[in-house]
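Student:
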């Protein structure tokens, strides 16, 4: 926000979130906590097979079970089931236990079909087909080739080249609150739902369409929600089904997925694999990149990712194949495509730097786009990060990290993200005669602190404390708000919020000025006081009483120059690797992040810490494991689907890169960027420690030992 | 989560050993129910309560003492404490996430010790003192305040479990080192990545509680 705030009281300070105590005392009611009078429990029946066709389905044994009030078939005879977890039917009963029993009583005859659940299976000659399609061969759809310059010629002229094959597995979102909603019909065409969603208005629109009722009669409420990470934009089949069950039963229905369904059907991050050839001049200038990549988004597409990534390569060619498997469909996941792009690109960068014999930090700086707006920002960030991790003092060239079983290594990676806002969102601000201030917008707080950020902006303008502001979001009937995705929420919502509150304040000044014998332009609000010509004359509440009986309500819109787009950022990792057990321990991560004007430093830092920790999970632990024989997922739970616990968390140093020119850029989102480069930096640190590339993520003992064994066979280690 | 606590066997409130857990409150009873033997489940429950065996099947009414108040609830022998709290009593602080004792979001304090309420049967909790975080002090000396001030939460869905585990840990070990805090909270999982705030909140809460 270019000229705002001139001298901030609150903006940029560390402010605890408004709803933090409610969340920390168990009193915040999440959609999955809501249970209106008479609520029935919905449970879904889903496909136990990776690939099958429904031959027949009979709900009647379930319908007569104790407590069962409604049952709905989603699949019919002949419906193909394309993955384990595909929707078949749903039941609503008085207790959840009864609903689960009833689900087991549904009689389904399946024609089990041959499946493919790994890319390897899918791409084999003569493999069973997930889909039929004229442009699909061996379950692969050839993506568009992207070519810049003449890469073959440039590569042939390169002084030094490397060719590497790298891959990342499919991982799942693991939102702790499951997907789902509670549906309550208020009348024949009027519906209220409490949904765990990152887009209340999208869900309202989808439900209205599916149920053929006016969207104005659908209210979606999301006061709090337990994580989305890109997987909760839709009402989904289960949301619509809950509403239909409620309609049929004449009672509210609460339907949230179980943990296995979450892994199987509620979204995942596509895998990524690629063969990358990278060439440079002897002094370390990139000249060519040639890459063949593929990935799978299950029975859906979506595995494309950007390449080249971050760095300036004069000539490049890249082809991508979309591979289909009998697994649940991919959904956007925190910085879609970027962690994969970053991992592959940064691994190749490190491998080429090693072959060139150049410090990988210097090699990276040398290959930033000359003249690009972001190049000096990256340079500043890399300098700061290098100092904080001790790059100069501690880093040794690859493979020169001692002779004992525990090796030590450092690695780094750079990332990029957009994070800009939309221009069509609104916020309303009401100032009441009793002094209360209410903001309304149909956005929602996915955990980033969106609710608090709006209150901080209002408090800044009105000279109040953030806790004086009632920040009402998570209601689809409020003024149009931004879905919580792509780091777009703050830059979309902050400008209209500032506009709404400024308008409301000015309208208040206009009404109050005559009552204090002053001109509106001589009024000011600071420290909870109304000032006239620089002198405090009354408190906020007293000033509001001058409004008489009528509240002031103003709606604000976006304005140019208050938000911006485009961030960089870099991360450094320090690890130890036990070459006998393959166990990697991350000792320290340094994250330097730019993101324009920071509204609340506390929640900003939490986003960056959280991004790093999620990246550490991608780097060390996470992997969806499919069984090729049976076609089922082997770890649809939280004991074998590994996530970091408190003892896995290293020292994490977070720094905002925010000199004055950054602040002048205005608000930019920070949800995605800090999770992008962590896994890449960790892998580069592991490689630096043990002297050989671990080409497969995550950096599990298995993958580390495999890399060491391969290198040993080739006589490299 | 207590099993990581080095002080587990050195006095303080009795912990749940694996053997106790298998024998009494959880898996043995659950598997008995799954194999159709509600009687066996109740025998197990009875053994823990040291009262005579009583046959229980299908829906039964039980009384649970939650946060100092007696509540009646109709449950089945297989109904977990968590589902009783959430689905019947609207005590929704404890959350259902993994539903199989991996993530700690459902952590509840039973007779002074933290348990995974998703794998504890409700019928085994009759006559016991059940505390959820809704009953905790929300003032400046309480654990929730420390979590709030340190932004030890984002989406907040794991938070009730962490707060409860933290309170139980500090009740037993009021002066934990950072390493002890890590171990004490290792039975809980956060997806948003709030651990830095959580560790700091636990240390701050320990200090604040001593000032109580």
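Chains as they are written, first to last, in this note's numbering: chain D, 27 to 743; chain H, 10 to 221. Each residue gets a CB set at the ideal place from its N, CA and C atoms; glycine is no exception.
1. Can you tell me where the beta strand (DSSP E) holding residue 101 of chain H begins and where it ends?
2. Which residue comes first and which comes last in the beta strand (DSSP E) that contains residue 67 of chain D?
3. What are the partner residues of residue 295 of chain D, as DSSP defines its beta bridges?
4. Got a sec, what are the start and stop residues for the alpha helix (DSSP H) residue 627 of chain D sits in?
5. With C-beta atoms as the reference, is residue 113 of chain H less than 8 Å away from residue 125 of chain H?
6. Out of curiosity, what's the CA-to-CA distance linking residue 439 of chain D and residue 716 of chain D?
7. For residue 711 of chain D, which residues of its own chain have a beta-carbon under 6 Å away from its beta-carbon, when the five flanking residues on both sides are left out?
8. Roughly how many whole angstroms lie between the Cα atoms of residue 729 of chain D and residue 723 of chain D?
9. Please classify residue 585 of chain D as buried or exposed, where buried requires at least 16 other C-beta atoms within 10 Å of its C-beta.
10. Which chain D residues sit within Cβ distance under 7 Å of residue 198 of chain H?
11. If residue 721 of chain D sits next to residue 191 of chain D, beta carbons under 8 Å apart, how far is it from one beta carbon to the other, in whole angstroms?
12. Start and end of the alpha helix (DSSP H) containing residue 179 of chain D?
13. Answer yes or no: the CB of residue 135 of chain H versus the heavy atoms of the ligand SAH, is any distance below 7 Å?
14. Quick check: is the beta carbon of residue 168 of chain H nearer than 8 Å to any beta carbon in chain D?
15. What are the partner residues of residue 119 of chain D, as DSSP defines its beta bridges?
16. With H, G and I counted as helix, E and B as strand and the rest as coil, what does DSSP make of residue 43 of chain H?
17. In the DSSP output, what is residue 280 of chain D paired with across the bridge?
18. Can you list the residues of chain H that residue 200 of chain D reaches, using a CB-CB cut of under 7 Å?
19. Please name the residue in D/117, D/231, D/170 whose C-alpha comes closest to that of residue 280 of chain D.
20. Secondary structure at residue 391 of chain D, three-state DSSP: helix, strand or coil?
21. Using a Cβ-Cβ cut-off of 8 Å, state whether residue 148 of chain H counts as contacting chain D.
22. Give me the chain D residues within the contact set of residue 118 of chain H, using Cβ-Cβ distance strictly less than 7 Å, ordered along the chain.
23. Does DSSP put residue 35 of chain H in a helix, a strand or coil?
24. Kindly list the residues whose CB is nearer than 6 Å to the CB of residue 189 of chain D, restricted to its own chain and excluding five residues on each side of it in sequence; keep chain order.
25. By Cβ distance, which residues of its chain are closer than 6 Å to residue 661 of chain D, with the 5 residues on each side in sequence left out?
26. If the criterion is Cβ atoms closer than 8 Å, does the pair residue 538 of chain D and residue 634 of chain D meet it?
27. Could you pull out every residue in the same chain whose Cβ sits closer than 6 Å to the Cβ of residue 120 of chain H, ignoring the five residues on either side in sequence?
28. Rounded to the nearest angstrom, how far is the Cβ of residue 225 of chain D from that of residue 137 of chain D, given a contact under 8 Å?
29. Which whole-angstrom value describes the C-beta separation of residue 530 of chain D and residue 455 of chain D, a residue pair presumed to lie in contact below a C-beta threshold of 8 Å?
30. Tell me whether residue 50 of chain H is buried or exposed, calling it buried when 16 or more other Cβ atoms sit within 10 Å of its Cβ.
31. Thinking C-alpha only, which one of D/307, D/62, D/495 is nearest residue 209 of chain D?
32. Taking Cβ-Cβ distances below 9 Å as the criterion, which residues of the stretch 240-266 of chain D are in contact with chain H?
33. Over the uninterrupted beta strand (DSSP E) stretch that includes residue 669 of chain D, give me the two end residues.
34. Measuring alpha carbon to alpha carbon, tell me which of D/212, D/245, D/270, D/249 ends up nearest residue 236 of chain D.
35. When you compare the CB positions of residue 620 of chain D and residue 688 of chain D, do they come within less than 8 Å of one another, or not?
Tutor: In this structure, then:
1. Along the second chain, read from residue 1 onward, the residue named residue 101 of chain H stands at position 92. Where residue 101 of chain H is concerned, there is no enclosing beta strand (DSSP E), given that its DSSP letter is neither H nor E.
2. Taking the first chain and counting its residues from 1, the one referred to as residue 67 of chain D is at position 41. Unbroken beta strand (DSSP E) run through residue 67 of chain D: 66-72.
3. Indexing the first chain from 1 puts residue 295 of chain D at position 269. D/197, per the DSSP bridge assignment.
4. The residue labelled residue 627 of chain D in the question sits at position 601 within the first chain. That run of the alpha helix (DSSP H) goes 627-646.
5. For the purposes of this step, residue 113 of chain H is identified with residue 104 of the second chain, where counting begins at 1. For the purposes of this step, residue 125 of chain H is identified with residue 116 of the second chain, where counting begins at 1. Less than 8 Å divides the Cβ of residue 113 of chain H from the Cβ of residue 125 of chain H.
6. Here residue 439 of chain D corresponds to residue number 413 of the first chain, with the count starting at 1. Here residue 716 of chain D corresponds to residue number 690 of the first chain, with the count starting at 1. Approximately 18 Å between the Cα atoms of the pair.
7. Here residue 711 of chain D refers to the residue found at position 685 when the first chain is read from its first residue. Only 435, 436, 437, 599, 601 meet the Cβ criterion.
8. Position 703 of the first chain, counting from 1, holds the residue named residue 729 of chain D. Position 697 of the first chain, counting from 1, holds the residue named residue 723 of chain D. If you take the alpha carbons of residue 729 of chain D and residue 723 of chain D, they lie about 7 Å apart.
9. In the first chain, residue 585 of chain D corresponds to position 559, counting from 1. Here residue 585 of chain D is exposed, its C-beta having fewer than 16 other C-beta atoms within 10 Å.
10. On the second chain, residue 198 of chain H is found 189 positions in, with the first residue counted as 1. Neighbours of residue 198 of chain H on chain D, chain order: 664, 669, 671.
11. To locate residue 721 of chain D, count along the first chain from 1; it is residue 695. To locate residue 191 of chain D, count along the first chain from 1; it is residue 165. Distance from residue 721 of chain D to residue 191 of chain D at the Cβ level is roughly 6 Å; contact confirmed, criterion being Cβ atoms closer than 8 Å.
12. Mapped onto the first chain, residue 179 of chain D falls at position 153. Run containing residue 179 of chain D: 177-183, per the alpha helix (DSSP H) assignment.
13. Of ligands this structure carries none, so the ligand SAH is not represented either.
14. Position 159 of the second chain, counting from 1, holds the residue named residue 168 of chain H. Yes, contact with chain D.
15. Position 93 of the first chain, counted from the start, is the residue given in the question as residue 119 of chain D. Answer is D/67, D/94.
16. As a first step, residue 43 of chain H must be located in the second chain, where it is residue number 34. Its pLDDT being 42, under 50, residue 43 of chain H is placed unreliably by the model, and the measurement read from it follows with that caveat. Judged by DSSP in its simplified three-state form, residue 43 of chain H adopts helix.
17. Within the first chain, numbered from 1, the residue matching residue 280 of chain D stands at position 254. DSSP lists D/67, D/208 as the beta-bridge partner residues of residue 280 of chain D.
18. If you number the first chain from 1, residue 200 of chain D lands on position 174. Here the neighbours are 200.
19. Walking along the first chain from the start, residue 280 of chain D turns up at place 254. The residue with the shortest Cα to Cα distance from residue 280 of chain D is D/117.
20. Taking the first residue of the first chain as 1, we reach residue 391 of chain D at position 365. If DSSP states are grouped into helix, strand and coil, residue 391 of chain D belongs with the helices.
21. What you label residue 148 of chain H is simply residue 139 of the second chain in a count that begins at 1. Chain D has no Cβ within less than 8 Å of the Cβ of residue 148 of chain H.
22. Counting from 1 along the second chain, the entry for residue 118 of chain H is found at position 109. Those within 7 Å of residue 118 of chain H in chain D number zero; the least Cβ separation is about 12 Å.
23. Walking along the second chain from the start, residue 35 of chain H turns up at place 26. Per-residue confidence for residue 35 of chain H stands at a pLDDT of 42, beneath the threshold of 50, marking its modelled position as unreliable; no derived number is given.
24. The residue given as residue 189 of chain D occupies position 163 in the first chain. Here residue 189 of chain D has 303 as same chain residues with Cβ atoms under 6 Å from its own Cβ, once five neighbours each way along the sequence are excluded.
25. Counting from one through the first chain, the residue named residue 661 of chain D turns up at place 635. Setting aside the 5 residues that flank it on each side, residue 661 of chain D is surrounded in the same chain by 651, 667, each with a C-beta closer than 6 Å to its C-beta; the list follows chain order.
26. Taking the first residue of the first chain as 1, we reach residue 538 of chain D at position 512. Taking the first residue of the first chain as 1, we reach residue 634 of chain D at position 608. Cβ distance not < 8 Å, so residue 538 of chain D and residue 634 of chain D don't count as in contact.
27. The residue you call residue 120 of chain H lines up with position 111 of the second chain. So the list reads 137, 138, once near-sequence residues are dropped.
28. Position 199 of the first chain, counted from the start, is the residue given in the question as residue 225 of chain D. Position 111 of the first chain, counted from the start, is the residue given in the question as residue 137 of chain D. Not really, about 37 Å apart at Cβ, beyond 8 Å.
29. Locating residue 530 of chain D in the first chain gives position 504, counting from the first residue. Locating residue 455 of chain D in the first chain gives position 429, counting from the first residue. Residue 530 of chain D to residue 455 of chain D, Cβ: 4 Å. Contact.
30. For the purposes of this step, residue 50 of chain H is taken as the residue at position 41 of the second chain. Only weak support exists for where residue 50 of chain H lies, its pLDDT of 48 falling under 50; the value from the coordinates is given anyway. Buried, by the Cβ-count rule.
31. On the first chain, residue 209 of chain D is found 183 positions in, with the first residue counted as 1. With distances taken between Cα atoms, residue 209 of chain D lies closest to D/62.
32. Answer set for the stretch 240-266 of chain D: 250, 251, 252, 253, 254, 255.
33. Start at 1 with the first residue of the first chain, and residue 669 of chain D comes out as number 643. It is not in any beta strand (DSSP E) - residue 669 of chain D carries neither H nor E in the DSSP assignment.
34. The residue you call residue 236 of chain D lines up with position 210 of the first chain. It is D/270 whose Cα lies nearest to the Cα of residue 236 of chain D.
35. Counting from one through the first chain, the residue named residue 620 of chain D turns up at place 594. Counting from one through the first chain, the residue named residue 688 of chain D turns up at place 662. With contacts defined by Cβ atoms closer than 8 Å, residue 620 of chain D and residue 688 of chain D form a contacting pair.
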